[in-house]
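In what follows, a structure is listed as structure tokens, so that the remarks can point back to it.
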Amino acid sequence: MVLEENVLDVDTYLMLRGKVKWKPLTKEQAEKALENSLYTVVAYENGKPVGMGRVVGDGAVICYVQDLIVVPEYQGSGIGYRLLQNIKEFVLELKIPGTEMMFDLMCAKGREHFYKKCGFIERPTDKLGPGMIQYL
């Protein structure tokens, strides 16, 4: 498997989203989303895209894993872990020395165990409330 950084194109992004049955986006939405990303990484197996990750945020206080996709036939093979580790390395390079940065995500239902293994904690906790969302 090969990882390539910041090469994710609109067609590949939309194809990978479709493989995991995420909500369809228009090409215009996908273009703008990719343009405004801090970082993208694509996993290739035999030249074929089989996964991707995308980070958004300000690069100083918060970085957010907006997308982490591995096509179903490759799930469980370690690709998601490698993508997430690659993303974490990128985020750590942005971190201002002596400061703390939030590294957040909202995982798909049923994927909590994977993210816990990668060091994330579930909310709410005794100090943190639940995550919230509003669709506009």
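In this text, residue positions in the sequence shown follow this note's numbering: the first is 2, and each later residue adds one.
For each residue, glycine too, the CB sits at the ideal point set by N, CA and C.
Fair warning: this is a prediction, and the values are worked out from it, not measured in the lab.
> Can you check whether the CB of residue 45 is closer than 9 Å to the CB of residue 4?
Replying inline: The residue you call residue 4 lines up with position 3 of the sequence shown. The residue you call residue 45 lines up with position 44 of the sequence shown. A contact, by the Cβ cut-off of 9 Å.
> Taking the beta strand (DSSP E) that residue 104 falls in, what are its first and last residues?
Replying inline: As a position in the sequence shown, residue 104 is number 103, starting the count at 1. Here the beta strand (DSSP E) through residue 104 covers 103–106.
> Between residue 2 and residue 83, which are expected to be in contact by the criterion C-beta below 8 Å, what is the C-beta distance as a whole number of angstroms?
Replying inline: Within the sequence shown, the letter at position 1 stands for residue 2. Within the sequence shown, the letter at position 82 stands for residue 83. That pair is a contact at about 7 Å.
> Which residues does DSSP pair with residue 100 in a beta bridge?
Replying inline: As a working note, residue 100 is residue 99 in the sequence shown. In the DSSP output, where bridge partners are listed per residue, residue 100 has none listed.
>> Using the three-state DSSP reduction, which class does residue 86 fall into: helix, strand or coil?
In response: Position 85 of the sequence shown, counting from 1, holds the residue named residue 86. Helix, per DSSP.
> What residues in its chain sit with their C-beta under 6 Å from that of residue 6, if we drop five residues either side in the sequence?
Replying inline: Sequence index remark: in the sequence shown, residue 6 carries index 5 (1-based). The answer, listed in chain order, is 42.
> Counting pairs of beta carbons, one from the region 57–76 and one from the region 95–114, are three or more of them closer than 8 Å?
Replying inline: yes
> In chain order, what residues of the same chain lie with their CB nearer than 7 Å to the CB of residue 29, ignoring the 5 residues before and after it?
Replying inline: Here residue 29 corresponds to residue number 28 of the sequence shown, with the count starting at 1. Contacts found: none.
> Is residue 71 near residue 80, with beta carbons less than 9 Å apart?
Replying inline: Translated into positions along the sequence shown, residue 71 becomes position 70. Translated into positions along the sequence shown, residue 80 becomes position 79. Going by C-beta atoms, residue 71 is nearer than 9 Å to residue 80.
>> Please classify residue 31 as buried or exposed, where buried requires at least 16 neighbouring CB atoms within 10 angstroms.
In response: For the purposes of this step, residue 31 is taken as residue 30 along the sequence shown, with counting starting at 1. Residue 31 comes out buried.
> Going by DSSP, what residues sit across from residue 68 in a beta bridge?
Replying inline: For the purposes of this step, residue 68 is identified with residue 67 of the sequence shown, where counting begins at 1. 55.
> Is residue 31 helix, strand or coil by DSSP?
Replying inline: Looking up residue 31 in the sequence shown gives position 30. Correct three-state label for residue 31: helix.
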